[in-house]
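Asks:
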Amino acid sequence: MGAYLLRRLVLIVPTLFGILLVNFVLTQFLPGGPIQQIISQLDNEGSATDRITGGGSEVASGGGGNSEYRGAQGLPPEFIADLEKQFGFDKPPVERFFLMVWNYMRFDFGESYFRSISVVDLVLEKMPVSISLGLWSTLLAYSISIPLGIRKAVRDGSPFDTWTSGLIIVAYSVPSFLFAILLIVLFAGGSYFQIFPLRGLTSDNWESLSLGGKLLDYLWHIVLPVTALTIGSFATLTLLTKNSFLEEIKKQYVVTARAKGLSERKVLVGHVFRNAMLIVIAGFPGLFISVFFSGSLIIETVFSLDGLGRLGYEAAIQRDYPVVFGTLYVFGLLGLVIGILSDLTYVWVDPRIDFEKREA
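Numbering of the sequence shown is given in my numbering, commencing with residue 14 and proceeding in unit increments.
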């Protein structure tokens with residue numbers, strides 16, 4: 014197992030390198046880089062100021078117009094060259110890429126182009142929101158889906174299995190953002206009840222609350238966004254658990270255990286559960302990553318939560334490359350590490366698994 018883990022750890026380096034390389038190459042073909050973003054902002058400000066000052070001059074001088082503002086004449090080349098040097102775009106792309114890789118190896122992600130704050134501080138500032146959503150949503154999905162999936166497998170074909178499958182299909186077909194809006198309309202003062210807050214993770218009087226009050230206030234705020242984020246993963250995980258248990262229940266060792274006189278509970282808990290949970294555990298990294306990164310953007314936007322999802326979206330729109338590549342590197346590294354932890358969980362659940370022999 015030690016040699017297998019060592020190989021997996023070593024493979025993290027070329028994998029991250031490939032992720033950064035592909036995305037860096039793609040950004041070279043995208044129009045509207047950070048320099049163009051700044052120029053566009055200055056031109057828009059210049060056009061607005063020129064319209065105001067020019068319009069006033071026309072009234073005063075009988076239509077002569079005043080175009081002394083620099084934005085009406087274009088930015089000087091020296092200013093653009095200074096911007097390129099400041100952002101490092103005066104270097105060739107190959108040199109910029111390897112300089113970025115070298116800095117990232119030392120966990121030096123630089124500063125945001127437009128926020129005047131280091132990428133690390135920016136990610137740490139936004140991460141608690143996304144961690145709250147991802148962690149609670151994943152725990153809620155597993156705590157509901159596993160018992161429900163086992164129950165559906167045991168009572169396969171019964172009315173309980175039929176109507177719960179119908180509810181699961183409906184839940185899976187509803188997009189998370191639409192379900193989030195429905196929750197707001199029903200329970201956040203939209204049209205019916207004012208039970209939960211509409212935005213944020215804490216109240217305005219958070220600092221003045223006691224420790225217990227802070228905990229209750231926090232839980233009160235995350236009910237709706239976590240519920241909306243869980244709906245899709247809950248349905249998928251339930252069916253995965255059911256199918257996994259059905260497959261194991263039909264195997265010969267279960268028949269043998271029942272023939273020996275073991276109770277149904279001992280058969281399910283002592284024999285079926287450990288084998289059936291392997292495929293569910295294997296899906297944990299993908300589920301957590303998808304909830305943590307993919308679904309968080311929409312939910313954070315709907316509930317006005319300032320987390321990593323909105324940060325990544327805004328950075329991509331603004332072409333804030335230090336934030337884009339810094340978060341990409343951190344998230345990619347986190348995903349690879351979680352994959353290794355999933356393999357370790359495999360071995361913990363079933364010590365018979367040996368990844369070194371399987372690779373051989």
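We put the CB at the ideal spot given by N, CA and C, even for glycine.
In this structure, how does DSSP classify Gln265 when only helix, strand and coil are distinguished?
Replies: Looking at Gln265 - three-state DSSP - the assignment turns out to be helix.
Asks: State the Cα-Cα distance for the pair Arg323 and Ile182, rounded to the nearest angstrom.
Replies: Distance between the alpha carbons of Arg323 and Ile182: 29 Å.
Asks: Which partner residues does Ala201 have in the DSSP bridge list?
Replies: Bridge partners of Ala201: Gln207.
Asks: Output needed for Leu29: all residues of its chain with C-beta closer than 7 Å, excluding positions within five of it in sequence on either side, in chain order.
Replies: Within the same chain, Leu29 has close Cβ partners Tyr342, Gly345 and Leu346.
Asks: Let me know the secondary structure DSSP gives Ser131 once reduced to three states.
Replies: Three-state result, Ser131: strand.
Asks: Ordered along the chain, which non-local residues of its own chain (more than five positions away) have a Cβ less than 7 Å from that of Leu349?
Replies: Ile25 and Thr28, listed in sequence order.
Asks: CB Leu19 to CB Met140, shorter than 8 Å?
Replies: Taking 8 Å as the Cβ cut-off, Leu19 and Met140 do not qualify as a contacting pair.
Asks: Between the region 201 to 217 and the region 167 to 176, do three or more beta carbon pairs fall short of 8 Å?
Replies: Contact between the region 201 to 217 and the region 167 to 176 is absent, because fewer than three Cβ pairs lie under 8 Å.
Asks: What is the rounded straight-line gap between the Cα of Glu108 and the Cα of Phe338?
Replies: So the alpha carbons of these two residues sit roughly 16 Å apart.
Asks: Does the distance from the CB of Asp230 to the CB of Leu222 come in under 8 Å?
Replies: Yes.
Asks: Is the distance from the Cβ of Ile312 to the Cβ of Ala193 below 8 Å?
Replies: Going by C-beta atoms, Ile312 is nearer than 8 Å to Ala193.
Asks: Counting pairs of Cβ atoms below 8 Å between the region 238 to 257 and the region 280 to 297, do you hit three or more?
Replies: Contact holds: three or more Cβ-Cβ distances are below 8 Å.
Asks: Does the region 108 to 127 come close enough to the region 31 to 50 to have 3 or more Cβ pairs within less than 8 Å?
Replies: Yes: the two stretches touch, three or more of their Cβ pairs being nearer than 8 Å.
Asks: Ends of the alpha helix (DSSP H) at Leu43?
Replies: Careful: Leu43 lies outside any alpha helix (DSSP H) and carries neither H nor E.
Asks: So the alpha helix (DSSP H) Ser96 belongs to, where does it begin and stop?
Replies: According to the sequence provided, residue 96 is Leu. The question's Ser does not apply to it. Where Leu96 is concerned, the enclosing alpha helix (DSSP H) stretches over Pro90 to Phe100.
Asks: According to DSSP, which residues form a beta bridge with Glu124?
Replies: Glu124 pairs with Ser131.
Asks: Output needed for Phe111: all residues of its chain with C-beta closer than 6 Å, excluding positions within five of it in sequence on either side, in chain order.
Replies: Nothing listed; no residue qualifies.
Asks: Taking Val132 as the reference, which of Ile235, Asn36 and Phe120 has the closest Cα?
Replies: Per the Cα distances, Phe120.
Asks: Phe206 and Leu195 look like a contact to me (Cβ under 8 Å); what is the Cβ gap, rounded to whole Å?
Replies: No, Phe206 and Leu195 are not in contact; Cβ-Cβ is about 13 Å, not under 8 Å.
Asks: If I follow the unbroken alpha helix (DSSP H) through Ser317, where does it start and stop?
Replies: Run containing Ser317: none; DSSP gives neither H nor E here.
Asks: What residue does the alpha helix (DSSP H) around Val107 start on, and which one ends it?
Replies: Pro106 to Met118 is the span of the alpha helix (DSSP H), which, as asked, contains Val107.
Asks: In terms of residue numbering, what span does the alpha helix (DSSP H) encompassing Trp219 cover?
Replies: Here Trp219 belongs to no alpha helix (DSSP H), and DSSP marks it neither H nor E.
Asks: Quick check: the Cα distance between Tyr17 and Asp356, rounded to an integer number of angstroms?
Replies: If I take the Cα positions, the gap works out to 10 Å.
Asks: Since Ala154 and Ser246 should fall inside the 8 Å C-beta cutoff, what is the C-beta to C-beta distance between them, to a whole number of angstroms?
Replies: At roughly 5 Å, the Cβ-Cβ gap stays under 8 Å, so Ala154 and Ser246 are in contact.
Asks: If you run the structure through DSSP and keep just helix, strand and coil, what is Gly279?
Replies: Position check: residue 279 holds Lys in this sequence, whereas Gly was assumed. Correct three-state label for Lys279: helix.
Asks: Kindly indicate which residue of Thr340, Leu180, Leu354 and Val268 has the alpha-carbon position closest to the one of Asp7.
Replies: Since the displayed the chain opens at 14 and closes at 373, residue 7 lies outside it and no answer follows.
Asks: Here's the rule: buried if 16 or more other CB atoms are within 10 angstroms of the residue's CB, otherwise exposed. What is Tyr117?
Replies: Counting Cβ neighbours within 10 Å, Tyr117 comes out buried, since at least 16 surround it.
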